[in-house]
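Read top to bottom, the protein sequences are chains A and B.
Taken in order, the first sequence gives residues 49 to 199; the numbers are from our numbering.
Taken in order, the second sequence gives residues 3 to 734; the numbers are from our numbering.
No residue lacks a Cβ here, since even glycine has one placed at the ideal position from N, Cα and C.
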Amino acid sequence: MAISFKVNGRAVDVNAPPDTPLLWVLREELKLPGTKFGCGVGQCGACMVHVDGDRTFSCQAPVAAVAHRSVTTIEGLSAHSDHPVQKAWLAERVPQCGYCQSGQIMSAAALLKDHPHPTRAQIVEYMSTNICRCGTYPRIVRAIERAARES
Amino acid sequence: MASSPSVSRRGFMVGAAGLTFGVAACLPHSVGVAQAAVPSKQAVLSPWVTLSTDGTVSIVSPAAEMGQGSFTSLPLIIAEDLDADWAKVRVVVAPPDDKLYANPNFGYMYTASSNAVLAYYTPLRRFGAQVRRVLLDNAARHWNVPVAELTTAPNVVIHEKSGRRLDYGAIAAFAVVPEKAPEVKEEELKPSSQFRLIGKDVMRIDMPHKVNGTAQYSIDVQTPGMLYGAILRAPVEGAAPDQVNDAKAHAIAGIVKIVRLPYGVGVIAKTSWAAFAGKKALEVTWTRDGKAWGFDSDKGSEDYAAAARNPQVPVQTWVTQGDVPQALQNAATVLEADYGCGFMYHGQMEPLNAVASVSPKGDKVEIWVGVQSKTIAVTVAADALGIAPDKVVLHDMLMGGGFGRRGHRDEEFVHDAVVLSNAVKKPVKMMWTREDDVRNGRFYPLSAHYLRGGLDASGKLVALHHRKACDQVTAFQDPVRYQQIKGRDTIAFANLDMKWYAIPNRLAEGVPQDNGVRSSTLRGVANLSNAFATESFIDELARKGGIDPAAFRRSLVADSPRSLALIDAVTRMSQWDRKRTDTALGIGFENYSNTLIAEVAEVSVDRRTGAIRVHDIWVAIDPGIAVQPDSVLAQTEGSVVWGLGFALSEHISIKDGVVQQVNFSDYHVPRMNEIPEIHIELIATEVHPSGVGQMAMPLVAPVIGNAVAALTGVRLRQAPMTRDRVLAALKA
Numbered sequence: 049m050a051i052s053f054k055v056n057g058r059a060v061d062v063n064a065p066p067d068t069p070l071l072w073v074l075r076e077e078l079k080l081p082g083t084k085f086g087c088g089v090g091q092c093g094a095c096m097v098h099v100d101g102d103r104t105f106s107c108q109a110p111v112a113a114v115a116h117r118s119v120t121t122i123e124g125l126s127a128h129s130d131h132p133v134q135k136a137w138l139a140e141r142v143p144q145c146g147y148c149q150s151g152q153i154m155s156a157a158a159l160l161k162d163h164p165h166p167t168r169a170q171i172v173e174y175m176s177t178n179i180c181r182c183g184t185y186p187r188i189v190r191a192i193e194r195a196a197r198e199s
Numbered sequence: 003m004a005s006s007p008s009v010s011r012r013g014f015m016v017g018a019a020g021l022t023f024g025v026a027a028c029l030p031h032s033v034g035v036a037q038a039a040v041p042s043k044q045a046v047l048s049p050w051v052t053l054s055t056d057g058t059v060s061i062v063s064p065a066a067e068m069g070q071g072s073f074t075s076l077p078l079i080i081a082e083d084l085d086a087d088w089a090k091v092r093v094v095v096a097p098p099d100d101k102l103y104a105n106p107n108f109g110y111m112y113t114a115s116s117n118a119v120l121a122y123y124t125p126l127r128r129f130g131a132q133v134r135r136v137l138l139d140n141a142a143r144h145w146n147v148p149v150a151e152l153t154t155a156p157n158v159v160i161h162e163k164s165g166r167r168l169d170y171g172a173i174a175a176f177a178v179v180p181e182k183a184p185e186v187k188e189e190e191l192k193p194s195s196q197f198r199l200i201g202k203d204v205m206r207i208d209m210p211h212k213v214n215g216t217a218q219y220s221i222d223v224q225t226p227g228m229l230y231g232a233i234l235r236a237p238v239e240g241a242a243p244d245q246v247n248d249a250k251a252h253a254i255a256g257i258v259k260i261v262r263l264p265y266g267v268g269v270i271a272k273t274s275w276a277a278f279a280g281k282k283a284l285e286v287t288w289t290r291d292g293k294a295w296g297f298d299s300d301k302g303s304e305d306y307a308a309a310a311r312n313p314q315v316p317v318q319t320w321v322t323q324g325d326v327p328q329a330l331q332n333a334a335t336v337l338e339a340d341y342g343c344g345f346m347y348h349g350q351m352e353p354l355n356a357v358a359s360v361s362p363k364g365d366k367v368e369i370w371v372g373v374q375s376k377t378i379a380v381t382v383a384a385d386a387l388g389i390a391p392d393k394v395v396l397h398d399m400l401m402g403g404g405f406g407r408r409g410h411r412d413e414e415f416v417h418d419a420v421v422l423s424n425a426v427k428k429p430v431k432m433m434w435t436r437e438d439d440v441r442n443g444r445f446y447p448l449s450a451h452y453l454r455g456g457l458d459a460s461g462k463l464v465a466l467h468h469r470k471a472c473d474q475v476t477a478f479q480d481p482v483r484y485q486q487i488k489g490r491d492t493i494a495f496a497n498l499d500m501k502w503y504a505i506p507n508r509l510a511e512g513v514p515q516d517n518g519v520r521s522s523t524l525r526g527v528a529n530l531s532n533a534f535a536t537e538s539f540i541d542e543l544a545r546k547g548g549i550d551p552a553a554f555r556r557s558l559v560a561d562s563p564r565s566l567a568l569i570d571a572v573t574r575m576s577q578w579d580r581k582r583t584d585t586a587l588g589i590g591f592e593n594y595s596n597t598l599i600a601e602v603a604e605v606s607v608d609r610r611t612g613a614i615r616v617h618d619i620w621v622a623i624d625p626g627i628a629v630q631p632d633s634v635l636a637q638t639e640g641s642v643v644w645g646l647g648f649a650l651s652e653h654i655s656i657k658d659g660v661v662q663q664v665n666f667s668d669y670h671v672p673r674m675n676e677i678p679e680i681h682i683e684l685i686a687t688e689v690h691p692s693g694v695g696q697m698a699m700p701l702v703a704p705v706i707g708n709a710v711a712a713l714t715g716v717r718l719r720q721a722p723m724t725r726d727r728v729l730a731a732l733k734a
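And the structure:
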């Protein structure tokens, strides 16, 4: 039986088995590969998306759990890559290999939605869910501070 | 890609630096990064540069992009001496062709060892200058003026006398390319005072795609009719499946085929989730073939330490200078010490994967993969099918991290994809899970270091002996190179002797070990473990001689103004002389492949838990000319974060040959709440650029250890310096 939900504002029906993690449904069935597979166990944050506005490890959410809910992925964060977080990410030249950055950006956007002017300590605590193996952490902090300042 | 089929290699090469017609016809699309324009008319000026009549300058980038920025910085070097307008440059991924695009230091296309800018810098500048000369000659003929009267500004040739200007694109319409590339001497290259691009940051070409999800890695590729594959590999290298029960796996919906391989069992399914589930449901026992069975890493550490200290074991002498035994006998003070380092895992964020599509007859294959050597990938794919390399089409993808893991001679994840696709003659995306990536990891080698040093009566270091027992790496990672270097395993044993320090007598020896565990180069390479041992030991010697560790190092580099400048910078940045209460500082210095680097860490220690907290790290780095200064800073920041993981938390343990860690849950890479404030001063001396991709990493562990010693008087001798080890050392 199809599972219905919204992705980036668009209504979708998917036929994956209900226990399939949302991550794989997004990447394979819905062809939205910006959300990344990093660990599969909710340890690295590469798969971070928003479900009804809250950040969610898509590798940990069975697709059935998002039925009738609204999912936002990196592809839907903004129409023209112009979310304040994305602009700040470029201004601070954050990405290196870039693989974790969709998840980092989705986490950062969720943080700023709830805390438009986070303290440095809040940023560090909130973002420690997301691993960046290239070690872009100092720039992520600066970019979030910039996004908070400029948005 | 090019519209004209007539331009396929009909020209001629003139040496490695030659100009030729026609190579652009086979340039592949660069997926996910800027595409070269497809102009209707273009002049192929060299294997590196194609000029379009609209002024677009397509420049080939020969290195693989894994976040280090070479995809931007290498073409930028060509653009500098070509005097191209960077806004009109389109960067094109080089096709797999060692003859044209090999890294000069390796002899094949291989992006590693922070060697891209270092090795390509001068050749690329010359290629750019040669193309500029061709444009000048064409303009001179066109205007019938002496070429000496011509100059260039970005993308335009100027005849000042007559005030005439010719856009590069206009020249493309009538350009005649000589058979033989014009000669350009090194002294004729653009003086650095006239640089418009080198030393000035441009936006990295790949970066905008990395903030909106459009950057493409091979794991993102989807082709029509594609299936998904997973492989359960043997836990120990050399072992084979013995009993295989795949009944439960077959019962899972979506499973297409289960394939027994010499080294594992492959599962092909309609979705990756089904493939992973099928792999999980396999029941497999393994043969005890393979050397690593029975190996225990804790015991290995002890055995290596004993080997490093044992005067009877055979050694490879790497450096010998003066007479160390005699100098130690004459020394006023002799100190000896042991250090050890553990296995480390790459943990690149994109688990290893590749997509392969084998033709129905099995005589051709297309592959999509991000690798540190694409010519190796082509060879691996061809060999897997027993076909010629020209039957392989490679689609070069971005890498979600490399760090040395994606450039082994067998690039086994490429092989995995090809054999699975061959089993079904359909496109297959073969993915390792994170658990596969850890369990099938190829690790930074285990090492033990025995050091002896002698000080004369004035406290001067007169002799140093460093003997390192270490897993051999090159023999496993790259048997071809191992042959070429005649068994001298530089990945394991290079730079044992701190040649940047003035020490009159030195002896550096390697004791290669082979426990059968898969080994690999990894960011920091041999310098990583070497620096932990030697820079910690230098600190011990300074303290033993009652000399300030910064002053001691200054005395050892007294003849090198660049080195002194860095030590002075880092001591100034960190306020080295300021007294601290609950924290202390540690310092280190290194010349890493001609990149000079000095670091200081400020730490505190929780004596109850054994936790080391690193508050600040100051880095002064001199890589010569900084082609892209911000990339130098970015790489240095990343190297420090990696150094922290090596220093404090990253640890692979092996029991009975099998990796014990599973995922990021028990293999602890640094997170944001563990990193210190990182302060970097880039001092770019105007000399040939050296590497920057890893140079700040090796000093992190010793400067932390040195700071802990300054704070507590206790010397930490094993990396990582975990809480347990700190507590044990404090109690001892």
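Neighbourhood of residue i by C-beta, 7 Å cutoff - its chain only, sequence neighbours within 5 removed
| i | result |
| --- | --- |
| Arg-574(B) | none |
| Trp-507(B) | Contrary to the premise, residue 507(B) reads as Asn rather than Trp in this sequence. So the list reads Gln-323, Gly-324, Asp-325, Val-326, Ala-329, Val-464 and Ala-465, once near-sequence residues are dropped. |
| Arg-103(A) | Met-96, Met-154, Ser-155 and Ala-158 |
| Thr-611(B) | Arg-725 |
Contacting residues, own chain, Cβ-Cβ under 8 Å from residue i (five flanking each side not counted)
| i | result |
| --- | --- |
| Ala-390(B) | Ala-384 |
| Met-401(B) | Ala-66, Glu-67, Met-68, Gly-69, Tyr-219, Gln-350, Glu-352, Gly-372, Val-373, Gln-374 and Arg-408 |
| Gly-588(B) | Asp-541, Pro-551, Val-602, Ala-603, Val-605, Pro-704, Val-705, Ile-706, Gly-707, Asn-708, Ala-709, Val-710, Ala-711 and Ala-712 |
| Leu-76(B) | Ser-63, Pro-64, Ala-65, Ala-118, Val-119, Tyr-122 and Leu-126 |
Residue-level contact to chain A via CB, residue i, 8 Å cutoff
| i | result |
| --- | --- |
| Lys-212(B) | yes |
| Gln-350(B) | yes |
| Pro-264(B) | no |
| Pro-722(B) | no |
| Ser-72(B) | no |
| Pro-226(B) | no |
| Tyr-219(B) | yes |
Under the three-state DSSP convention, the category residue i falls into
| i | result |
| --- | --- |
| Phe-345(B) | strand |
| Gln-374(B) | coil |
| Ala-139(A) | helix |
| His-410(B) | coil |
| Gly-512(B) | strand |
| His-211(B) | helix |
| Met-674(B) | helix |
| His-397(B) | strand |
| His-681(B) | strand |
| Trp-620(B) | strand |
| Phe-666(B) | coil |
| Ala-358(B) | strand |
| Glu-352(B) | coil |
| Arg-490(B) | coil |
DSSP bridge partner residues for residue i (one or two, in chain order)
| i | result |
| --- | --- |
| Tyr-452(B) | Asp-340(B) and Arg-469(B) |
| Pro-243(B) | Trp-288(B) |
| Gly-231(B) | Ile-270(B) and Met-432(B) |
Min CB distance residue i to chain B below 8 Å
| i | result |
| --- | --- |
| Cys-95(A) | no |
| Glu-173(A) | yes |
Contact set for residue i: own chain, Cβ-Cβ below 6 Å, skip 5 residues either direction
| i | result |
| --- | --- |
| Ser-565(B) | Val-559 and Leu-598 |
| Ala-50(A) | Asp-61 and Asn-63 |
| Pro-184(B) | Gln-132 and Arg-135 |
**Prompt:** Can at least three beta-carbon pairs, one atom from the region 359-379 of chain B and one from the region 394-403 of chain B, be found at a separation below 8 Å?
**Reply:** In the pairwise beta carbon analysis, the region 359-379 of chain B is classified as touching the region 394-403 of chain B: at least three pairs are separated by under 8 Å.
**Request:** Check whether the region 615-633 of chain B touches the region 298-314 of chain B, taking contact to mean three or more Cβ pairs, one atom from each stretch, closer than 8 Å.
**Result:** Short answer: they don't touch.
**Prompt:** Are three or more beta carbon pairs between the region 439-458 of chain B and the region 333-341 of chain B nearer than 8 Å?
**Reply:** In short, these stretches touch, since the Cβ pair count reaches three.
**Prompt:** Is there contact between the region 590-597 of chain B and the region 635-650 of chain B, where contact requires at least three CB pairs shorter than 8 Å?
**Reply:** The region 590-597 of chain B is not in contact with the region 635-650 of chain B.
**Item:** Touch test, the region 237-244 of chain B against the region 192-200 of chain B, Cβ-Cβ under 8 Å, three pairs minimum
**Value:** Flag = no, the region 237-244 of chain B and the region 192-200 of chain B do not touch.
**Request:** Please determine if the region 507-518 of chain B and the region 474-494 of chain B are in contact, where contact requires at least 3 C-beta pairs separated by less than 8 Å.
**Result:** Yes, the region 507-518 of chain B is in contact with the region 474-494 of chain B.
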